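Heads up: the sequence shown is residues 4 to 233, going by my numbering.
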Amino acid sequence: MVLPYYSAMRPLICCKDLHRTYESTPPLQVLKGVDFTVGRGEIAVILGPSGTGKSTLMHLLAGLDTPDHGEIWWESLPVHTYRPQKLARLRSKHVGLVFQQHYLLEDLTVLENATLPGRLTGELEIQRGEVLLEAVGLSQRSSAYPKTLSGGEKQRLAVARALYHRPPVVLADEPTGSLDRGNARVVYQLLVDLCREDDTSVVMVTHDEALVDEVDRKFNLIDGVLVPLD
Ligand SMILES: Nc1ncnc2c1ncn2[C@@H]1O[C@H](COP(=O)(O)OP(=O)(O)OP(=O)(O)O)[C@@H](O)[C@H]1O
Ligand SMILES: [Mg+2]
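Here's what the structure looks like:
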């Protein structure tokens, strides 16, 4: 029996001894035993040189790729045991995703993109989309199409879409990587402020250590493992 106090303390995301090797000659061993947990409301940042496996780790945490060895849990859900179809159904309620590329749908309006997770799960709430667009400063652009938005506006829309289902965790892989310094600061601050407001946890990958001053925990991904930074 799971005691209530135990489930309340359970991390929102937990991974144990994650290994991921890409098939090549020779095989490329990218993750060599990553252990990581994220508690409610925590903001964790993963730093590290290019090519060390940060995106690989984020894809695994998002259930978009499968580890060769190890476990991934979204609270009590054993993600590493689920098939892709099951994960696709569950994902947007457990993790909001923001990538360096915004992956907006060009044929949908700003409001339709913001509410896309609701359309996909059959829980469309236009008002939720409107509230989110207000929060990211895009209310005036709700009927526009993504191609008419600036880079910073597109990323702000991607943040709104990630938050649609109020996921307990946002996984952000270089969410400001394609932006100039001013826009990067705006998008970063917006993401952190919106998540802090709702006690949403964030796991963010970035190259820009200067940007991430007010986070709870920082790690370096070096030689296949996560090393905590003080
Ligand atoms: N599908 C794949 N098949 C083979 N090799 C891959 C694959 N995806 C990534 N790699 C390799 O694995 C290593 C880690 O890639 P990954 O994208 O996780 O790095 P990263 O830390 O996110 O880098 P960056 O900071 O440049 O985004 C790289 O050497 C990359 O070339
Ligand atoms: Mg990457």
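Glycine is no exception: its CB is placed at the ideal position from the N, C-alpha and C atoms.
Source: prediction; values computed, not measured.
Within the continuous beta strand (DSSP E) that includes residue i, where are the two ends?
i           : result
residue 185 : Where residue 185 is concerned, there is no enclosing beta strand (DSSP E), although the alpha helix (DSSP H) it sits in stretches over 184-201.
residue 99  : 98-102
Near residue i, what residues of its chain come up, given a Cβ to Cβ distance below 7 Å and the 5 sequence neighbours on each side ignored?
i           : result
residue 228 : 35, 36, 37
Please report the residue range of the alpha helix (DSSP H) in which residue i lies.
i           : result
residue 122 : 119-124
residue 86  : Taken as a continuous stretch (DSSP letters only), residue 86 belongs to no alpha helix (DSSP H), as it is neither H nor E.
residue 158 : 154-166
residue 144 : Where residue 144 is concerned, there is no enclosing alpha helix (DSSP H), given that its DSSP letter is neither H nor E.
residue 45  : First-last for residue 45: undefined, no H or E at that position.
residue 137 : 129-138
Would you list the one or two residues that DSSP bridges to residue i?
i           : result
residue 223 : 50, 230
residue 204 : 172
residue 62  : In DSSP, residue 62 forms no bridge with anything.
residue 81  : 76
residue 37  : 21
residue 32  : 24
residue 16  : 41, 77
Give me, in chain order, the residues of the same chain whose beta-carbon lies closer than 6 Å to that of residue i; leave out the 5 immediate sequence neighbours on both sides.
i           : result
residue 207 : 48, 175
residue 40  : 14, 17
residue 25  : 31
residue 81  : none
residue 114 : 132, 145
Can you say whether residue i is buried or exposed, counting buried as having 16 or more other CB atoms within 10 angstroms of its CB?
i           : result
residue 225 : exposed
residue 54  : exposed
residue 160 : buried
residue 210 : exposed
Kindly provide the chain-ordered list of residues whose Cβ lies closer than 7 Å to any non-hydrogen atom of ligand 2.
57, 58, 176, 177, 208
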